[in-house]
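Under our numbering, think of the first position of the sequence shown as 589, with each following residue one higher.
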Amino acid sequence: MSPQRKGIPTASAGPRWRPHAHEKLVFLCVSLISFVVALDATVIVPALPTLASALHCTSAQTFWIGTAYLLTYATFQPFISALSDVFGRRSGLLSSVILFSMGTLFCSFAHAIEFMLVGRAVQGIGGGGIVSMTLIILTDIVPLRQRPRYIGYVQGAWAIGTISGPVIGGAVTEHSTWRWMFYINYPFCIIGLLMTPLLVRFNRPFLSTEQKWQRIDPIGSVLFTGGTISFLMGITWGGIPGGFPWHSWRTILPITVGAATIMIAIFWEILYASDPIVRPKLFNSKSAVATYLTTTIQGLLLYATIYYVSFYLQIVEDLSPLLNGVALIPAMGGLMPSSVLVGILVSKFGHLRWAIWGGWALTTASTGLLMLLRVDTGAKVWCPILFGVGLGHGFLLTGHNVAVQALASPRDASYAAALYSFVRSVGICFGVALGGAVFQNALIGYLGPADLDLDIANDPRMLESVLAGIRTDPEKTDLVVSAFGAAYRDLFGVLTGVAGLGLLLSLVIGKMDMNKELSSEHTGESELRAFSSLGGEMPQSGPGRSRSDNDSPKPDEVARPDQARPAAHDADEITVATKA
589 MSPQRKGIPT ASAGPRWRPH AHEKLVFLCV SLISFVVALD ATVIVPALPT LASALHCTSA
649 QTFWIGTAYL LTYATFQPFI SALSDVFGRR SGLLSSVILF SMGTLFCSFA HAIEFMLVGR
709 AVQGIGGGGI VSMTLIILTD IVPLRQRPRY IGYVQGAWAI GTISGPVIGG AVTEHSTWRW
769 MFYINYPFCI IGLLMTPLLV RFNRPFLSTE QKWQRIDPIG SVLFTGGTIS FLMGITWGGI
829 PGGFPWHSWR TILPITVGAA TIMIAIFWEI LYASDPIVRP KLFNSKSAVA TYLTTTIQGL
889 LLYATIYYVS FYLQIVEDLS PLLNGVALIP AMGGLMPSSV LVGILVSKFG HLRWAIWGGW
949 ALTTASTGLL MLLRVDTGAK VWCPILFGVG LGHGFLLTGH NVAVQALASP RDASYAAALY
1009 SFVRSVGICF GVALGGAVFQ NALIGYLGPA DLDLDIANDP RMLESVLAGI RTDPEKTDLV
1069 VSAFGAAYRD LFGVLTGVAG LGLLLSLVIG KMDMNKELSS EHTGESELRA FSSLGGEMPQ
1129 SGPGRSRSDN DSPKPDEVAR PDQARPAAHD ADEITVATKA
């Protein structure tokens, strides 16, 4: 056994690591709640016209039903991750599940658009926290070499939720009340509320009140969260139906203020924060920068493709909401198995870049093939294309997630996982906004020369009436459908260019070491038992050591200066290797 140093026990990176029954249950728990969070992000896509009609929404309010969720989903992730460093992983995950459940209740019983928007915003905060905490927990209990396998499982569950959302939303829209889109969340919320306190039982580092305050980084948290909200609000409502024109001060002002605030936050994190909410050292190489950029692009492409292929099938191919969702199943057929398979292969062979390069090549090619879709295109054409889209994104979901952790130091792996989740979520917001702006401008260009009503492009409330009414006039039907089809092809062309940029950036990513030791301040109970069985002394709660998530600090418990634990970002790496 290698020499021991005082600190938190960690598992070996060797191939003999196997999860205990407790870890398997944790994986099951986080996979289930990741599934329902992803489901909730896309389930409303085919039901927006129905929701707008039922709640008597304006154009702007209809737009915000989807955007309120995505906006809070992205912006609060860094803050929740920082809180989990102080109060423990179980507290971070459980509070996120509670917020998600509360938002679900608001939405399912909403009788006015105001309550729906509040519910969606609260759901987004909880959903973003769940996704971020899930990835962080995996970094705490699974060594890097074995981590891709379990990331693949969890990402597979997330992928199933993402693609099955439109199927379930379409079925609910056709055969029941729209409220069932939120009722179906209840069983998963209950499972999360019951399983999280029982299963997510981690030791956490003891911190004095002053150290806790430093870990939260209140100034950096406020600046970064506020700036991100302002910036994304301007981006998401700029130039799309229900929003504001790009030249409007309502778009320019929040983007400018948000960007300036984010820059101030970055300077604060680099120069003054003792424990920054976003670690600057995570961008310490060109490979790391390229990986975070391609992760953002992949989030953009995935959601833009799902959103606008769904609308294409509904409008141009004249599919019902249910068949629209069913038509997306081939994408799920490629996405879920490929994300799991990549995880298994990377864990087995220890090589990663092939998955990223192959994923970007598949994504670029399949996105480009979407431009072949025409008014009379049949399922025999779009099904293989959508399968290829899912296949490529499945490679990238697991590949990027593992890459950011492999490029970080072992003690920064949880911060890398949290940042990965955040930048992917920001990309999702960009994807919906970019797609809406490109599609609307292209559609106006095709409707104008055909002397058709431009309000079809400007007002989403007209969508339902247009779909119901244009079929009565064959000539107008052909013109409108052709205009929509051409606009979608223009959008898919832009997305292909964005995918090509991701492919080029991925070539910058260098080799990674997949055999790093697991190093975490938040250690699961089974790791402690394994460490003890090898002869190690179990760390007890106290200054400089760790405390279980079950323990509550005593009011008079204050660390003396000579006992205070150094901040994580400048401390010596605290590991005890358990090599044979």
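C-beta: ideal position from N, C-alpha, C; glycine also.
Remember, predicted model here, so these are calculated numbers, not experimental data.
For residue i, which of helix, strand or coil comes out of DSSP?
{"i": "residue 676", "result": "coil"}
{"i": "residue 1023", "result": "helix"}
{"i": "residue 1080", "result": "helix"}
{"i": "residue 1098", "result": "coil"}
{"i": "residue 688", "result": "helix"}
{"i": "residue 694", "result": "helix"}
{"i": "residue 585", "result": "The requested residue 585 does not occur in the structure, where the chain is confined to residues 589 to 1168."}
{"i": "residue 1018", "result": "helix"}
{"i": "residue 817", "result": "helix"}
{"i": "residue 1132", "result": "Confidence is the limiting factor: at residue 1132 the pLDDT is only 38, short of 50, which leaves the residue's position unreliable, though a coordinate-based value still follows. In this structure, residue 1132 counts as coil in the three-state DSSP scheme."}
{"i": "residue 1048", "result": "The predicted model places residue 1048 with a pLDDT of 47, which falls under 50 and marks its position as unreliable, so this point remains unresolved."}
{"i": "residue 1126", "result": "In this prediction, residue 1126 scores a pLDDT of 41, lower than 50, which makes its location untrustworthy; no coordinate-derived value is stated."}
{"i": "residue 734", "result": "coil"}
{"i": "residue 1086", "result": "helix"}
{"i": "residue 918", "result": "helix"}
{"i": "residue 606", "result": "coil"}
{"i": "residue 1105", "result": "coil"}
{"i": "residue 938", "result": "coil"}
{"i": "residue 669", "result": "helix"}
{"i": "residue 867", "result": "coil"}
{"i": "residue 1147", "result": "Unreliable positioning characterises residue 1147 in this predicted model, as indicated by a pLDDT of 39, which lies under 50. The coordinate reading is nonetheless provided below. Coil, per DSSP."}
{"i": "residue 862", "result": "coil"}
{"i": "residue 961", "result": "coil"}
{"i": "residue 1013", "result": "helix"}
{"i": "residue 655", "result": "helix"}
{"i": "residue 764", "result": "coil"}
{"i": "residue 906", "result": "coil"}
Mind checking which residues open and close the alpha helix (DSSP H) that includes residue i?
{"i": "residue 640", "result": "636-642"}
{"i": "residue 909", "result": "909-915"}
{"i": "residue 885", "result": "874-903"}
{"i": "residue 979", "result": "967-995"}
{"i": "residue 859", "result": "837-859"}
{"i": "residue 709", "result": "701-729"}
{"i": "residue 613", "result": "609-630"}
{"i": "residue 946", "result": "941-957"}
{"i": "residue 768", "result": "768-771"}
Which residues does DSSP list as the beta-bridge partners of residue i?
{"i": "residue 832", "result": "826"}
{"i": "residue 776", "result": "DSSP lists no partner for residue 776."}
{"i": "residue 664", "result": "None; residue 664 has no bridge partner."}
Between the Cα of residue i and those of the options, spot the shortest distance and give me the residue it belongs to.
{"i": "residue 961", "options": "985, 937, 1006 and 904", "result": "904"}
{"i": "residue 1025", "options": "1083, 1067 and 941", "result": "1083"}
{"i": "residue 697", "options": "1098, 774 and 908", "result": "774"}
{"i": "residue 922", "options": "984, 1068 and 867", "result": "984"}
{"i": "residue 815", "options": "854, 837, 1015 and 799", "result": "854"}
{"i": "residue 954", "options": "704, 1080 and 650", "result": "1080"}
{"i": "residue 1006", "options": "636, 673 and 631", "result": "673"}
{"i": "residue 806", "options": "844, 856, 1093 and 951", "result": "856"}
{"i": "residue 611", "options": "643, 722, 649 and 964", "result": "722"}
{"i": "residue 622", "options": "1063, 668 and 720", "result": "720"}
{"i": "residue 1034", "options": "682, 1076 and 1014", "result": "1076"}
{"i": "residue 924", "options": "945, 880, 1101 and 980", "result": "980"}
{"i": "residue 818", "options": "845, 891 and 882", "result": "845"}
{"i": "residue 727", "options": "1028, 998 and 1095", "result": "998"}
{"i": "residue 651", "options": "675, 832, 810 and 688", "result": "832"}
{"i": "residue 766", "options": "635, 836 and 620", "result": "635"}
{"i": "residue 1001", "options": "731, 843, 896 and 777", "result": "731"}
{"i": "residue 748", "options": "916, 785 and 649", "result": "916"}
* **Inter-stretch contact at 8 Å, needing at least 3 Cβ pairs: the region 651-666 / the region 713-731** => yes
* **Meets three-Cβ-pair contact criterion under 8 Å: the region 897-912 and the region 1071-1088** => yes
* Would you check if there are 3 or more beta carbon pairs closer than 8 Å linking the region 752-759 to the region 624-634? => yes
* To do: Decide if the region 960-976 is in contact with the region 990-1003; the criterion is three or more beta carbon pairs, one per stretch, under 8 Å apart.
  => no
* Can you find at least 3 beta carbon pairs, one from the region 637-654 and one from the region 685-703, that sit closer than 8 Å? -> yes
* To do: Assess, as a yes-or-no matter, whether the region 762-780 is touched by the region 926-940 under the definition of 3 or more beta carbon pairs within less than 8 Å.
  => no
* Asked: Any chance the region 930-943 sits against the region 726-744, with 3 or more Cβ pairs inside 8 Å?
  -> yes
* Asked: Is the region 1092-1104 close to the region 861-876, with three or more CB pairs under 8 Å?
  -> yes
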